[in-house]
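For the sequence shown, the working numbering begins at 89 and goes up steadily by one.
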Amino acid sequence: MKVSKRPEHFWVGINGKASGDHALRQAISIARWLHAEVTAVAVTPLFEGDLGLITTGSVRNELYKDVERSLLRALDIAGIHGFPVHIAAAGGEIGDQLDRKAASLPQQGWMIIGASPTLSAAKWLAGSALYDVVRQASRPVLILPKGTLLAGDTVWIDGGGMHRASWGNLLDGWFEEAIEVATLFGPDHLLVSYPNDVVDRRLPQWVRSILQDHRIDITAPDTHSPLSIAAECFHYIHPKEKWDAVHQRKPAFVVVPQPIFPKRRLSMAAWYIERMIRMLPCPLLILPRSSTKWASKD
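See below:
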């Protein structure tokens, strides 16, 4: 699937909690800026069991009530902000259902979810909605940690999550797409980061140009007008250096490739990455490799 240069629709996961409310408010704000539509999707887990049992029926009814409360809350937020919001409900895993809702429409766009700063061990073991959405996404996912806003002069683009074998011409397409997405928000400055062990000859052409000129020249994807944006590179030995720098610089948002999580969910690496995402001082946009315009050439 090719990413639309300008997202036409945002599918927002809501849960009746503060994180979902924050995601919806920010989706409305971004949709206004980009002239896009918004759908709030409340997802309830599927409950398998004997529906003749009173306890099972009670659980099911509570789940339905949670969905109803979430949708009513979404309509309240839409009314307060004076912006039309579509609503939808589904049963299953949130990542799968958001993706299904998005796939059911011809419009291209992003999925948006909120992320609370806390992650208990019990919640992690039971299954994390954030992990679920990110792992299953076939389209861009914007994650909004608590209190973060998509606002600022700098956009940070990091290619460190891409496998080393992909560095070079193959990654050029991903960087081009990430830069085009960044330009939609009118940044004054781009910061591109990558691992220290990537040799210069394997750096994408976009990165080599930044190293040489300290600027990036690109045609705006929406207006087709030429843009010249100040840019710099940041290379690191350990990913912690990169995330520490993100906390210091506080960019408008960070763009990273997928996969960002390891295949094994119940691992210390996955736990660390999710905690890091939840504590970020800015939104995180995950741009899947499968969504870029060059994916079909693989």
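Where a beta carbon is used, it is the ideal one built from N, C-alpha and C, also for glycine.
Asked	Found
Residue range of the beta strand (DSSP E) that includes L373	372–376
DSSP three-state assignment for V100, whether helix, strand or coil	strand
For V100, the nearest candidate out of G170, D241, G274, A177 (CA to CA)	A177
E320 beta carbon less than 8 Å from that of L279	yes
CA-to-CA distance, L112 to D276, given in whole angstroms	26 Å
Assigned secondary structure, L272 (DSSP; H/G/I helix, E/B strand, else coil)	coil
Simplified DSSP assignment, three categories, for G179	strand
Euclidean distance between Cα positions of I374 and L218	12 Å
Per-residue DSSP class, three states only, for R303	strand
Alpha carbon of L232 to alpha carbon of M356, nearest angstrom	23 Å
Burial state of T127, where buried means 16 or more other Cβ atoms lie within 10 Å	buried
For V222, the first and last residue of its enclosing alpha helix (DSSP H)	217–224
Identity of the residue in I304, F341, M199, K234 nearest Q293 by Cα	I304
Continuous alpha helix (DSSP H) stretch holding P327: start and end	327–337
Environment of L160 [buried if 16+ CB atoms lie within 10 Å]	exposed
S313 in three-state terms, based on DSSP	coil
Proximity test, Cβ basis, 8 Å: F341 and chain C	The structure shown has no chain C; it contains just one protein chain.
A191, DSSP secondary structure in three states	helix
Bounding residues of the alpha helix (DSSP H) (the contiguous stretch that carries D246)	Where D246 is concerned, there is no enclosing alpha helix (DSSP H), although the beta strand (DSSP E) it sits in stretches over 242–246.
Buried versus exposed, by CB contacts within 10 Å (16 or more), S158	buried
Residues that DSSP places opposite Y282 in a beta bridge	H323
Selected residue, minimal CA-CA separation from T206, among G104, N284, M367	M367
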